[in-house]
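Q: Before we start, here is the structure in question, set down as structure tokens.
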Amino acid sequence: MTSYPIRPTERHTGQDLIKWIALITMVLDHMRLAWPATSDLFVLGRLSFPLFCLAVAINVSRNQPGELFTRSNGRYLALLVLFAALSEVPYRLVSTSGTFNVLVTLALGLLVAWGVQHRTIESLVLAGGAILVAYLLSEPLMFGFYGVFVPAALVLAIKRPELFALLPVALCAAANSRTGLFEQAAQLEPFAILALSTAALAPLLGLALFWAPLPFKVVPVKQWSYWFYPGHLVALLGIRNLL
């Protein structure tokens, strides 16, 4: 298995497919917030976070090492922070988890991934600050302290898969440890085993799609996807209030 280099301006079919799967499985997972009878879709939802992290990692890995303070990087972080803020109110209204929305975790994860990619003083300071914030806010942070490291682990896996392919597997399993799945899996409960297995294997599925020479085109996932996140939360809240 070798890394799959792509030019910074090149559209990659596998990357768009990864984003589509992440979006679809996120919606399927969140359907239980409006329709509790669909709670079994939680298992498929375990694909979503690792694949969103992989989308972040792919973007980071396309940066030239050392070129941190670029317009595109600034826009990327600004969009994540902006839509994390916009999404927090609808997320709190529709969810009972008590955590921040996932874009907060992804924004912190982006900073840590920049530290791995660029390895400059500035990038390492940003990464260290993000890790400190994740440690202090571990409880209300979706996917907790471990979740913040998943994008960085996937950057390493893209660069050196022979050494690091299993690192995001372990982190994705650990990031789901606060839901009680470990304890349930230890008691051989099939639902918990399936959910943990899905979360753990999601990075490998995503990397396989990224590296595979796909013989078809995929509709690009562009900046509309930022609006989709708070939009789908508002839609679910409206549906729940109507039922």
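So in numbering that gives the first Met the number 0, spot 198 of the sequence shown is number 197, and the numbers just go up one at a time. Glycine included, C-beta positions come from ideal geometry on N, C-alpha and C. Please read these numbers as outputs of a predicted model, since none were measured by experiment.
Can you give, in chain order, each stretch of the alpha helix (DSSP H) that sits fully within the stretch 52-85 and has at least 4 residues?
A: You should have found no qualifying run.
Q: Quick check on R45: buried or exposed, where buried means 16 or more other Cβ atoms within 10 Å of its Cβ?
A: As a working note, residue 45 is residue 46 in the sequence shown. Per the 10 Å Cβ criterion, buried.
Q: How about the stretch 174-188 and the stretch 76-85: do they share at least three Cβ pairs that are nearer than 8 angstroms?
A: Judged by Cβ distances under 8 angstroms, the stretch 174-188 makes no contact with the stretch 76-85, as fewer than three pairs qualify.
Q: Measuring alpha carbon to alpha carbon, tell me which residue in H29, D28, A54, D39 is nearest L221.
A: Numbered from its first residue, the sequence shown carries residue 221 at position 222. The question names Leu, yet the displayed sequence has Lys at residue 221. Of the candidates H29, D28, A54, D39, the one whose C-alpha sits nearest the C-alpha of K221 is A54.
Q: Near V26, what residues of its chain come up, given a Cβ to Cβ distance below 8 angstroms and the 5 sequence neighbours on each side ignored?
A: Here residue 26 corresponds to residue number 27 of the sequence shown, with the count starting at 1. Counting only Cβ-Cβ distances below 8 angstroms, and skipping sequence neighbours, we find H231.
Q: DSSP state of L140, grouped into three classes?
A: Working through the sequence shown from its first residue, we reach residue 140 at position 141. Here L140 sits in coil by DSSP.
Q: How would you write the range of the alpha helix (DSSP H) that D15 sits in, first residue to last?
A: Numbered from 1 along the sequence shown, position 16 holds the residue referred to as residue 15. Unbroken alpha helix (DSSP H) run through D15: 12-33.
Q: With DSSP as the reference, label A194 as helix, strand or coil.
A: Residue numbering aside, residue 194 sits at position 195 when the sequence shown is read from its first letter. Residue state, collapsed to three classes: helix.
Q: Check whether the Cβ atoms of A106 and L242 lie closer than 8 angstroms to each other.
A: For the purposes of this step, residue 106 is identified with residue 107 of the sequence shown, where counting begins at 1. For the purposes of this step, residue 242 is identified with residue 243 of the sequence shown, where counting begins at 1. The answer is no: Cβ separation not under 8 angstroms.
Q: Cutting at 7 angstroms between CB atoms, please list the residues of its own chain near V149, excluding the five before and the five after it.
A: The count along the sequence shown starts at 1 and reaches residue 149 at position 150. Excluding sequence neighbours, V149 sits near P49, C52, G108, P167, L170, C171, A174.
Q: What does the Cβ neighbour count give for L235, buried or exposed, with the cut at 16 atoms within 10 Å?
A: Start at 1 with the first residue of the sequence shown, and residue 235 comes out as number 236. Counting Cβ neighbours within 10 Å, L235 comes out buried, since at least 16 surround it.
Q: Among E66, P35, F190, F215, whose alpha-carbon lies nearest the alpha-carbon of R118?
A: Residue mapping note: residue 118 aligns to position 119 of the sequence shown, counting from 1. Closest option to R118, Cα to Cα, is E66.
Q: Helix, strand or coil for A152? Go by DSSP, reduced to three states.
A: If you number the sequence shown from 1, residue 152 lands on position 153. Reduced to three states, the DSSP call for A152 is helix.
Q: According to DSSP, is L187 part of a helix, a strand, or is it coil?
A: Position 188 of the sequence shown holds residue 187. DSSP places L187 in coil when its eight states are reduced to three.
Q: How far does the alpha helix (DSSP H) with R239 in it extend, from its first residue to its last?
A: Taking the first residue of the sequence shown as 1, we reach residue 239 at position 240. 223-241 is the extent of the alpha helix (DSSP H) around R239.
Q: Please report the Cβ distance between G146 and L155, rounded to the nearest whole angstrom; I am assuming they are in contact, meaning their Cβ atoms lie under 8 angstroms.
A: Here residue 146 refers to the residue found at position 147 when the sequence shown is read from its first residue. Here residue 155 refers to the residue found at position 156 when the sequence shown is read from its first residue. With 8 angstroms as the limit, G146 and L155 do not qualify as a contact, their Cβ atoms being about 16 angstroms apart.
Q: If we call anything under 8 angstroms between Cβ atoms a contact, is E87 one with N100?
A: As a position in the sequence shown, residue 87 is number 88, starting the count at 1. As a position in the sequence shown, residue 100 is number 101, starting the count at 1. Yes, they are a contact pair.
Q: Just curious, the alpha helix (DSSP H) that V168 is in, first and last residue?
A: As a first step, residue 168 must be located in the sequence shown, where it is residue number 169. Note, V168: alpha helix (DSSP H), 166-174.
Q: Is the CB-CB distance between P202 and L153 below 8 angstroms?
A: On the sequence shown, residue 202 is found 203 positions in, with the first residue counted as 1. On the sequence shown, residue 153 is found 154 positions in, with the first residue counted as 1. A contact, by the Cβ cut-off of 8 angstroms.
Q: What three-state label does DSSP hand F215 in the structure shown?
A: Locating residue 215 in the sequence shown gives position 216, counting from the first residue. Three-state result, F215: coil.
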